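Chemist: Here's a structure for you.
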Amino acid sequence: MAKKAKITVVGLGPGSLLDMTPRARTAIEAAEVVAGYTTYIRLIEPLLSNKEIIGTGMMHEIDRCRMAVAAAASGKETVVVSSGDAGVYGMAGLVLELILQQKEEERPLFGGTIAGVSAVNAAASVLGAPLMHDFAVISLSDLLTPWELIRKRAKMAAAGDFVVALYNPKSRKRVHHIEEIREILLQYRRPETPVGIVTAASREQEHNIISTLADFTKEEINMFSLVIIGNSQTYVKEGWMITPRGYGRKEAGL
Numbered sequence: 008m009a010k011k012a013k014i015t016v017v018g019l020g021p022g023s024l025l026d027m028t029p030r031a032r033t034a035i036e037a038a039e040v041v042a043g044y045t046t047y048i049r050l051i052e053p054l055l056s057n058k059e060i061i062g063t064g065m066m067h068e069i070d071r072c073r074m075a076v077a078a079a080a081s082g083k084e085t086v087v088v089s090s091g092d093a094g095v096y097g098m099a100g101l102v103l104e105l106i107l108q109q110k111e112e113e114r115p116l117f118g119g120t121i122a123g124v125s126a127v128n129a130a131a132s133v134l135g136a137p138l139m140h141d142f143a144v145i146s147l148s149d150l151l152t153p154w155e156l157i158r159k160r161a162k163m164a165a166a167g168d169f170v171v172a173l174y175n176p177k178s179r180k181r182v183h184h185i186e187e188i189r190e191i192l193l194q195y196r197r198p199e200t201p202v203g204i205v206t207a208a209s210r211e212q213e214h215n216i217i218s219t220l221a222d223f224t225k226e227e228i229n230m231f232s233l234v235i236i237g238n239s240q241t242y243v244k245e246g247w248m249i250t251p252r253g254y255g256r257k258e259a260g261l
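For the sequence shown, the working numbering gives the first residue as 8, with consecutive numbering after it.
Structure (structure tokens):
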């Protein structure tokens, strides 16, 4: 039997090589096999010389991770890459599940997860400081989660006055979900509540806009967008979106 190697799950950050951590880059450069969604593989092409590539399209995550686990079990140092942070809507959970389903003697070594800058952090940095207080992150994709459960979570987050960050806000087939979320939030928040939309954060195509809860769904939003909806205290000043943490109240003794 071939000597088992290590499989590590790596967060690439939001897209630019400049936003990748040195630890992530080192892991990729040391790997013999790199597995990932084809779009993300293209983003790190300069690091992939003389490596075996396992690249698959959307909806083939299980196949891709199984092949990566098999490669590590056969003795090849393997890295599975995810955009953002691999533990936030990424491949870390799936890789661990697949490893732990195997008999112990057949498993590759798990090298852990290397953290990356998540899309919500990248988007927030573009907008100013919208996540300075408690926030909830919700994906509007119902491929793996029932829509009724997503709606329930959005309602609870709205009732709790969390800043709400939306991943996967809109696709070509899924155009009405974000309108439903907007209606839910309007039950708890002012129509003028600031909403920031950042598309392709940290990539060449990056663009952003600050709108309001009443009007933000009129803007261009797609699967590469991250939407951040302010809480009751969020405001916009000189083009920056700010959610106060409460330091001013503390200074005033309130």
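By construction, the Cβ of each residue, glycine as well, lies at the ideal position given by its N, Cα and C atoms. Being a predicted model, the structure only gives us computed values, none of them experimental.
Let's test the definition: count the other Cβ atoms within 10 Å of the Cβ of residue 209 and tell me whether it reaches 16, buried, or not, exposed.
Modeler: It is buried - the Cβ of residue 209 has at least 16 other Cβ atoms within 10 Å.
Chemist: For the alpha helix (DSSP H) that contains residue 124, what are its first and last residues?
Modeler: That residue, residue 124, is in no alpha helix (DSSP H); it is neither H nor E in DSSP.
Chemist: Does the Cβ of residue 92 have 16 or more other Cβ atoms within 10 Å, making it buried, or fewer, making it exposed?
Modeler: Residue 92 should be labelled buried.
Chemist: Enumerate, from N- to C-terminal direction, the unbroken beta strand (DSSP E) stretches of 3 or more residues contained entirely within the stretch 62-149.
Modeler: Complete beta strand (DSSP E) runs here, min 3: 85-89, 116-121, 142-146.
Chemist: Who are the near neighbours of residue 221 in its chain, counting only those whose CB is closer than 6 Å to its CB and skipping five residues on each side?
Modeler: If we look at residue 221 and ignore the five residues flanking it on each side, its Cβ neighbours are 198.
Chemist: Can you give me the C-alpha to C-alpha distance between residue 67 and residue 125, rounded to a whole angstrom?
Modeler: The alpha-carbon atoms of residue 67 and residue 125 are separated by roughly 22 Å.
Chemist: Can you tell me which of 205, 166, 158, 98 puts its alpha carbon nearest to the alpha carbon of residue 76?
Modeler: It is 98.
Chemist: Buried or exposed for residue 166, please, with buried defined as at least 16 other CB atoms from any protein chain shown within 10 angstroms of its CB.
Modeler: Label assigned to residue 166: exposed.
Chemist: What are the partner residues of residue 203, as DSSP defines its beta bridges?
Modeler: Answer by DSSP bridge pairing, in chain order: 217, 235.
Chemist: Since I believe residue 170 is in contact with residue 193 (beta carbons under 8 Å), could you give me their beta-carbon distance rounded to a whole number of angstroms?
Modeler: Residue 193 to residue 170, Cβ: 16 Å. No contact.
Chemist: Excluding the 5 residues preceding and the 5 following residue 185 in the sequence, name in chain order all residues of the same chain whose CB lies nearer than 8 Å to its CB.
Modeler: Correct list, in chain order: 147, 173, 176, 177, 224, 228, 234.
Chemist: Leaving out five residues on either side along the sequence, give the residues of the same chain with a beta carbon under 8 Å from the beta carbon of residue 213.
Modeler: Hits under 8 Å: 133, 205, 206, 207.
Chemist: Which residues does DSSP pair with residue 248 in a beta bridge?
Modeler: In the DSSP output, where bridge partners are listed per residue, residue 248 has 135, 243.
Chemist: Ordered along the chain, which non-local residues of its own chain (more than five positions away) have a Cβ less than 8 Å from that of residue 249?
Modeler: Same-chain partners within the cutoff: 135, 136, 137, 139, 241, 242, 243.
Chemist: If you pair each beta-carbon of the stretch 9-23 with each one of the stretch 43-55, do three or more pairs fall below 8 Å?
Modeler: The stretch 9-23, when compared against the stretch 43-55, does touch it at the 8 Å Cβ threshold.
Chemist: According to DSSP, is residue 15 helix, strand or coil?
Modeler: Strand.
Chemist: What does the alpha-carbon distance come out to for the pair residue 237 and residue 47?
Modeler: For residue 237 and residue 47, the distance between alpha carbons rounds to 30 Å.
Chemist: Kindly indicate the opening and closing residues of the beta strand (DSSP E) around residue 161.
Modeler: Residue 161 -> not in any beta strand (DSSP E); alpha helix (DSSP H) instead, spanning 154-166.
Chemist: Alpha carbon to alpha carbon, how far is residue 164 from residue 45?
Modeler: Residue 164 and residue 45: Cα-Cα distance of roughly 34 Å.
Chemist: Alpha helix (DSSP H) containing residue 24: first to last residue?
Modeler: Looking at the DSSP string, residue 24 is not in any alpha helix (DSSP H), and its letter there is neither H nor E.
Chemist: Reducing DSSP to helix, strand and coil, say where residue 3 ends up.
Modeler: In this structure the chain extends from 8 to 261, so residue 3 is not present and cannot be described.
Chemist: Under three-state DSSP, which class holds residue 42?
Modeler: Correct three-state label for residue 42: strand.
Chemist: Find the nearest neighbour of residue 252 within the set 246, 239, 162, judged by alpha-carbon distance.
Modeler: Closest option to residue 252, Cα to Cα, is 239.
Chemist: Assign residue 14 to buried or exposed, taking buried as 16 or more other Cβ atoms, counted over all protein chains shown, within 10 Å of its Cβ.
Modeler: Buried is the call here.
Chemist: Going by Cα to Cα distance, which pick from 202, 183, 36 is closest to residue 219?
Modeler: For the residues 202, 183, 36, the minimum Cα distance to residue 219 belongs to 202.
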